[in-house]
Each structure stands twice: as C-alpha cells, then as structure tokens.
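One structure is given below, encoded as structure tokens.
Number of protein chains: 2
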Amino acid sequence: MTSLLLRNVRPMAGANCDILVKNGKIAGLGRFEPEPGMAVEDGGGAIAIPGLIDAHTHLDKTTWGMPWHVNNRAAVLRGRIDFEREHRTEIGIDPHRQSMRHAIGLAAHGASHIRSHVDIDTTHGLSMVEGVWKTREKLAGIIDIEIVAFPQSGVMVMPGTVELLDEALRQGCEVLGGIDPCGIDRDPKGQLDALFALAVKHGRPIDIHLHEVGDLGAFTMELMFERIRANGMQGKVAISHAFALGMNDYLRVGRLIEELAALDVAILTTGAPSATVPSIMRLKEAGIRVGGGCDGIRDTWGPWGQPDMLDRAKVIGMKNGLRSDNDLAHLLSVVSQGGADVMRIEGYGIAEGCNADFTLLTGETLAHAVVDVAPRPLVVKGGRVVARQGKAVVDMP
Amino acid sequence: MTSLLLRNVRPMAGANCDILVKNGKIAGLGRFEPEPGMAVEDGGGAIAIPGLIDAHTHLDKTTWGMPWHVNNRAAVLRGRIDFEREHRTEIGIDPHRQSMRHAIGLAAHGASHIRSHVDIDTTHGLSMVEGVWKTREKLAGIIDIEIVAFPQSGVMVMPGTVELLDEALRQGCEVLGGIDPCGIDRDPKGQLDALFALAVKHGRPIDIHLHEVGDLGAFTMELMFERIRANGMQGKVAISHAFALGMNDYLRVGRLIEELAALDVAILTTGAPSATVPSIMRLKEAGIRVGGGCDGIRDTWGPWGQPDMLDRAKVIGMKNGLRSDNDLAHLLSVVSQGGADVMRIEGYGIAEGCNADFTLLTGETLAHAVVDVAPRPLVVKGGRVVARQGKAVVDMP
Chain A
1 MTSLLLRNVR
11 PMAGANCDIL
21 VKNGKIAGLG
31 RFEPEPGMAV
41 EDGGGAIAIP
51 GLIDAHTHLD
61 KTTWGMPWHV
71 NNRAAVLRGR
81 IDFEREHRTE
91 IGIDPHRQSM
101 RHAIGLAAHG
111 ASHIRSHVDI
121 DTTHGLSMVE
131 GVWKTREKLA
141 GIIDIEIVAF
151 PQSGVMVMPG
161 TVELLDEALR
171 QGCEVLGGID
181 PCGIDRDPKG
191 QLDALFALAV
201 KHGRPIDIHL
211 HEVGDLGAFT
221 MELMFERIRA
231 NGMQGKVAIS
241 HAFALGMNDY
251 LRVGRLIEEL
261 AALDVAILTT
271 GAPSATVPSI
281 MRLKEAGIRV
291 GGGCDGIRDT
301 WGPWGQPDML
311 DRAKVIGMKN
321 GLRSDNDLAH
331 LLSVVSQGGA
341 DVMRIEGYGI
351 AEGCNADFTL
361 LTGETLAHAV
371 VDVAPRPLVV
381 KGGRVVARQG
391 KAVVDMP
Chain B
1 MTSLLLRNVR
11 PMAGANCDIL
21 VKNGKIAGLG
31 RFEPEPGMAV
41 EDGGGAIAIP
51 GLIDAHTHLD
61 KTTWGMPWHV
71 NNRAAVLRGR
81 IDFEREHRTE
91 IGIDPHRQSM
101 RHAIGLAAHG
111 ASHIRSHVDI
121 DTTHGLSMVE
131 GVWKTREKLA
141 GIIDIEIVAF
151 PQSGVMVMPG
161 TVELLDEALR
171 QGCEVLGGID
181 PCGIDRDPKG
191 QLDALFALAV
201 KHGRPIDIHL
211 HEVGDLGAFT
221 MELMFERIRA
231 NGMQGKVAIS
241 HAFALGMNDY
251 LRVGRLIEEL
261 AALDVAILTT
271 GAPSATVPSI
281 MRLKEAGIRV
291 GGGCDGIRDT
301 WGPWGQPDML
311 DRAKVIGMKN
321 GLRSDNDLAH
331 LLSVVSQGGA
341 DVMRIEGYGI
351 AEGCNADFTL
361 LTGETLAHAV
371 VDVAPRPLVV
381 KGGRVVARQG
391 KAVVDMP
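Protein chains in written order, with UniProt numbering: chain A, 1 to 397; chain B, 1 to 397.
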C-alpha cells in the first residue's frame, strides 16, 4: 500500500489540507477525493511534519526491553568501553533483537530515518553490524537505517581495527566513524590519518564522536580541518557531540564555527545535559547543518533516554535554554530537517514530489508540539501507516 | 476512608509485604488480614515510597490546560517578570484554577506535598496567595500545600512590597521568600536586612530564589550567612536554585558548602539544564539537606515542565550526570525524603507510625523506577487512594 489520502492535517502547522500519496511519494497537498481502493485516513486536524530523524544513536547496544541492568561501576569512559565490549554477549545484548526494539520504538514515535553508529572492534569483528543489517532488512518500509562503522574501542590503540573498518566499508557501511583521537586513542595524527585515508579510499563520509572538551577538542577539530582541506572532503564530514563548541570562550568558539561553515562540516548534538554542548542557535546563525540524536538509550553506559526524538528534542531544548516559539520551531527542525541535511536524504520534506514519510503531531503550533511530547497520532513511511498513537504496526521482539 | 490494607508491595524496593493503614497512619508493615469494612488494594508487587515532594514550584503561574501561550519576547529576566505581572490577568491565568490544575497534576503523579512560591507584588497584592489558599482548602486530604510569600518583582525596587510580605506572613504564609538581592533588587543589604527582620518578627523560615551566578551569587550567599549567624536562624533558611554552587571553582564552592553545612542551610534544586547548578552528590557528601522542585511549568516564562516529580528527577539526574544505581536511588530520595527534610515534614516515611502518604512505582529497583517515569499505579494520601494509573480521583477544573 503506497497510495493514501490523508485528510484534515496541517502541514508544518499551516493551513488545513489533505495530503495525497501515490507510489510512496507526495502527489499533492490540497483537497482531494480518494481514488477507488485508495486508503483514507483522517488526521483530525493534527500537525504534519516530515519524519523525525535520529541522526546519532547506537542501535546495537541498548538494553531496552531487557531486565534492568544494575550499574554501580566507576564513572570512567575507558572503563565503560571495555566493560561493554567484554560483557555485552554474556549480558545478552543481542545486536539484532536490541536494534529491532530500538528502531521500532523510534518508528512508533514518528521517526522515518536513523543514522546509527554500530560498534566494530577486535573482539566482536563485524557481528554487531551484521545484527543491525538484519534489522535494517526486516524493517525495510518501516524505517530507514544508515550505518556508521564505529570503532568504539579506539582505532590505533586496538591494532586490527583499521582493517575491520576497511572491511565494513567494503561490505557497505555508509559512513565511517571515529572517536576521540586524543582522549581514547592517545594518537590524534594516527587515527585521523587512518580515518581520512579509509574515507577517501571508499568514497565515504566521516562522522566522528568528539567528546573531547575545551582546548583539547578544539585541537582535534583543527587537525580535522587540515585533513578535510587536504583531501577535498568539504561537505563530507560530521562531528558528533562536539563538546568543545560548548566551551566558555566566545571568540575561540567563533573561529571554530567559521571553519565549520567554510568546510561545510555538520554537527550532531544530543544535548548532553551534564556536558558542555554546542549552541544550536549559534550554529544556525552560521548556517551550519545540525541534526539531533538520542545517543545510547538505557545501555551499559547509562540508564537515560528512550526511543523518541521528541523526548530528545526536549533534552536538547532545555539544555540550550530555548523558550521562545521561534526557537522551539527551530528545535523541531533540528530533529527532522536537520538530520536530513546531515544525512543528505533525497526527497525529504512535505511538498509535492517528496517522499511520503511524515508523522502527525498533536498541539496548536510547532512549539506546542515539540514541548508536549504526546503520542504521535499517525506515522506514515513511504505512504504506508507504520504507527498509530505511539504503537508501531510491527511488534517488538 | 483513612483505613486501608495495601497488599503486595515492596517498600523502598525491599521485601514484599503489606502496608496496614489506620487513622491515616501506617499501623504496620508485614502480613495482615483486613478488618471488617476495611478497604483493600493489591499493589501488584510495585515499589512503595513515601509521597513525592515538589519543594520548589509556582502554583499560581502555570498556563497548564489553557491555550498555548505564544512567547517570542526577548529573553531578559526583568522583562519576563514585568510581562507576567502586567499581563497575567488579561491572559486569564487565574491563580485558583491554575493552581488546582498544577496541584492535582502533581498528586496524580504521586506527590503528597508541595512548597509553592506564590507571587506577591504591588500590582496584585495578596490575590495570588488567596487563590492558592482556596486551592489548598479544596485539596485538603489530596495533597498538602505550603506557601512561600514570594516577592517575584523584587523587594526594595518595588516600594510597598515589604508591607505586603509582612501582611502575608501575618495571614499565615508559612515561609518568607526572596529573590536575587543583587540581580533583581540592586540592593543586597536592603533586601536581606528587610527579609531577615520580617522572618524574625514572624518566626518564619526563609526560602530565597538565588539565580545569581558565580562570584555574585557567592557574595549574596556570604551576606546571608552573616545574617543567619546574627539572627540565630541556623536551620531555618533555604536557598533555591543556588546557581553559584555550580561555578567552576572547586575550592570556592567547597568553602560555601562548608558554611551551608555549618549553618544548616538547605538547598532546593530544579536541575535547570541550561544553568550552572549545584552538584547533588557533593551536597550529599557534605550532609546538606537538598530537595527538588518542578519550578514553573508551562508559564509565561517558558514552555517546559510538567506536574510530575519523576519527570523532574530525570532532568535533575541527567543534568547532574548521574548513571549508577546508587546515585539514582539518591536522586529519588532528593525528590521525596529530601523535600521532607527541607520542609521539616513530621511523620514522613514508610514505617510504622508514619503518615500514610505514599506512592507506588513500577520498576525492578529504585533506579529503574526513577528512570522509567511510568504512570504511578496508586497514590495514597492520609490512607486514602487519591490517584490510580496517573489519574487523580478529583478532576482538573
């Protein structure tokens, strides 16, 4: 079923109209009568926006739907990484089952696209990626999943990882990941040279986790800028978290942002409340592409999060101190259009000719909708209804 | 109905037992048979904790349940204060109706007690307090409400306010409020001298809003410490927000915390994600009484928040970077026992002889329960069931 007449909705909180879908695309916005045999839905006057996008998450590592994972371990990043790698199998975090739960949860809450980092390391090889690939196949038509080959345990510090990343890209991972070249790898030149060489070899974009704060993170960004220029990778690099952009040095941050804009580097934020985070309004002023993501939800790292991009928008919005309706409307665009900008999704939007991927939201205005975090009345993917009232049409395993 | 047999619960996530209630008090924890005519409830194995406590909120100013309030005004504190005072009546923010909605929402989500700051100013006099008093009467037996006479618009900068605060305390407001003696009043000596004189005159505690950050807030705290010593008000002062304690100066903050402990000053936090906030774990180590609060929810100041202390615990917990089960259990105590410590609530707790004020929580452990933010299965106040599955027994007006 890829044809649909969705009546009585307000695209982007504008005037009430119908959305006509044919062959999985939006055939028109206006007033229409159904063709024979066409599915018809009443949107009840709800707001319609393009599908929400979780542009930074970790489908392979959630414990969602599993028994509560008790965690009283020390709060050390390297310890979290090693504990997870060493114990994920015995804990029972099956990457296919868990990525199914996570992705179905996101779809149920209105998401149409996911960019997921998936762990690749010398203990598990590509098995996490294989689990998520299986999920991607099973959820085809429900939600699109893009996979970042992610060296969670480090690159240079874990010999053999470069070869695994090479193989993952060869097998079809869309994006190359990386992580804290200084903080985790202790060898920023080594990791960044290796990553950029792989990206160039496979013609793939880079999306690197950068938790490094202050001057350290700024230094790593500068090393990235040099390599983007040297390799002609303008427009093909994203930095996730980018905590250094939250440092309290207005001018220094301004110079970093100028470079991000000049090199068309995208930023992905999760609004981490306890960290220093980039200002989404300052990035907007500079014309930077910015998406949002849930990050890990309820995993061995920490208990917070849920598979819902409006819940995440609330976290990002509160952390950014957003209050005005105009800013809240922008917040909603970060977790929708912003993700599409980062992932370069073709045909994204609510207009004739766009993909028929959209979600309904309750609320009077876009600001009201993003603050309310109410169940999504209806979620449509490729013209097919995939969730109603917060419940997906497919069951979680 | 103040007698009740609540079967099959786990007090504080411990061993399964029954809670026997007689005359509004807990008569015992163990296994019991109902007496003739006694109400019996099955807790379904849920966790039971004492009632949640919203120890810092603003019942008189929410727009909850009203049409969405569009706000594109400048983000200036003085502007927010003045806009609200000048326009709240025309917007239709009736303090009685709105405080009913807010308080019933809190009760529906498991709260047994509220400390609400209520605006007192030279435009509206005591009319906001009168509206909330009416709510307190109507909700007697559902939720307890303590009122702080709160000079939202300033004290010295709004002549006539001291006299109104004096009258409010005379009429029975339990606590004297204050706000940013430097930032709002531009006269820290003036405001603090006036407040401490009123508090001494009426024998009432003080709970002051202190948004002042860094060295400015630290200065104001020092002025407060001097007056607490001079007036013998040890144990009778609370500081709400206390953003200065979130400044990035470990030793300076340590000296302030030593003084807080020495003078038994309580801290109330809302975990404001975009601000610098006190570390609840550091305050715990110092033995400081710490409660949590929702602050304003969906008002003319900003759109965020909802009447649910577990939702607020999530905000406080994420902002404080809490992840371990032990820390999450402490987080739950901040929004329950911590509020009772600050408000000096007698008979609070789950033990024989305590008030029969408790809420059931779903989840395997205390940490799981505070992270899950699921509907509360059952809420009991004074032995009476006041909410089931997130729905109060009284309707919102």
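In this text, a Cβ means the ideal position worked out from N, Cα and C, and glycines have one as well.
The criterion of a C-beta distance shorter than 8 angstroms is not satisfied by isoleucine 316/A and glycine 291/A.
Of all C-beta pairs linking the stretch 91-108 of chain A to the stretch 363-371 of chain A, fewer than three are shorter than 8 angstroms, placing the two stretches out of contact.
The Cβ atoms of isoleucine 208/B and glycine 235/B do not sit closer than 8 angstroms to each other.
For the stretch 242-305 of chain B, the full-length alpha helix (DSSP H) segments reaching 4 residues or more read 250-262, 280-285 along the chain. Within 8 angstroms of the CB of threonine 365/A, the CB atoms of chain B belong to Trp68, Val70, in sequence order along the chain. Under a criterion of Cβ atoms nearer than 8 angstroms, no residue of chain B is adjacent to glycine 203/A; the nearest Cβ is some 38 angstroms distant. Between cysteine 182/B and threonine 220/B, the alpha-carbon positions lie close to 7 angstroms from each other.
Under the three-state reduction of DSSP, asparagine 355/A is assigned to strand. Excluding the 5 residues flanking it on each side, threonine 123/A has same chain C-beta neighbours closer than 6 angstroms at Arg85, in chain order. In this structure, DSSP gives glutamate 163/A a helical state, which the three-state scheme calls helix. In the three-state reduction of the DSSP assignment, glycine 44/B falls in the strand class, which pools E and B. For isoleucine 114/B against leucine 106/B, the beta-carbon gap comes to about 6 angstroms, under 8 angstroms, which counts as contact. Non-local C-beta neighbours of aspartate 42/A in its own chain, meaning closer than 7 angstroms and more than five positions away in sequence, comprise Arg7, Asn8, ordered along the chain. The beta carbon of isoleucine 345/A sits closer than 7 angstroms to those of His113, all from its chain and outside the five residues before and after it, given in chain order.
In the DSSP annotation of this structure, threonine 220/B is not part of any beta strand (DSSP E); the continuous alpha helix (DSSP H) holding it starts and ends at 214-231.
Here the stretch 131-143 of chain A makes no contact with the stretch 76-83 of chain A; the two share fewer than three CB pairs at distances below 8 angstroms. The C-alpha of threonine 276/B is placed about 21 angstroms away from the C-alpha of glutamine 306/B.
Residue-level contact by beta carbon fails for aspartate 207/B and chain A, as no gap is shorter than 8 angstroms. Per DSSP, reduced to three states, the secondary structure at histidine 113/A is strand. The stretch 31-45 of chain B makes no contact with the stretch 56-72 of chain B: fewer than 3 CB pairs, one atom from each, lie closer than 8 angstroms. In this chain, the beta strand (DSSP E) harbouring histidine 56/A covers 52-57.
Taking 8 angstroms as the threshold, the shortest C-beta distance from histidine 368/B to chain A falls below it. With the rule of 3 Cβ pairs closer than 8 angstroms, the stretch 194-201 of chain A counts as touching the stretch 159-172 of chain A.
In the DSSP assignment, leucine 322/B falls outside any alpha helix (DSSP H) and carries neither an H nor an E.
Runs of the alpha helix (DSSP H) lying entirely within the stretch 69-132 of chain B, each at least 4 residues long, are 77-91, 95-108 in chain order. Residues of chain A with a Cβ closer than 7 angstroms to the Cβ of aspartate 325/B are, in chain order, Val70, Asn71, Asn72. Residue burial annotation: alanine 74/A is exposed, with fewer than 16 other C-beta atoms found within 10 angstroms of its C-beta.
The beta carbons of threonine 269/A and cysteine 294/A sit about 11 angstroms from each other, so the pair does not count as a contact at 8 angstroms.
Against chain A, a Cβ distance below 7 angstroms from glycine 321/B picks out Ser274.
DSSP places phenylalanine 150/A outside any alpha helix (DSSP H); the residue lies instead in the beta strand (DSSP E), whose first and last residues are 144-150. Each residue's CA atom was taken as its position, placing asparagine 248/A and alanine 266/A some 21 angstroms apart. In the DSSP annotation of this structure, proline 188/B is not part of any beta strand (DSSP E); the continuous alpha helix (DSSP H) holding it starts and ends at 188-202. One alpha carbon belongs to histidine 69/B, the other to glycine 254/A, and they sit about 34 angstroms apart. Aspartate 18/A has Gly30/A as its beta-bridge partners, per DSSP. Asparagine 16/B and leucine 245/A have their C-alpha atoms spaced approximately 49 angstroms apart. Three or more Cβ pairs drawn from the stretch 256-265 of chain B and the stretch 214-228 of chain B lie within less than 8 angstroms of each other, which places the two stretches in contact.
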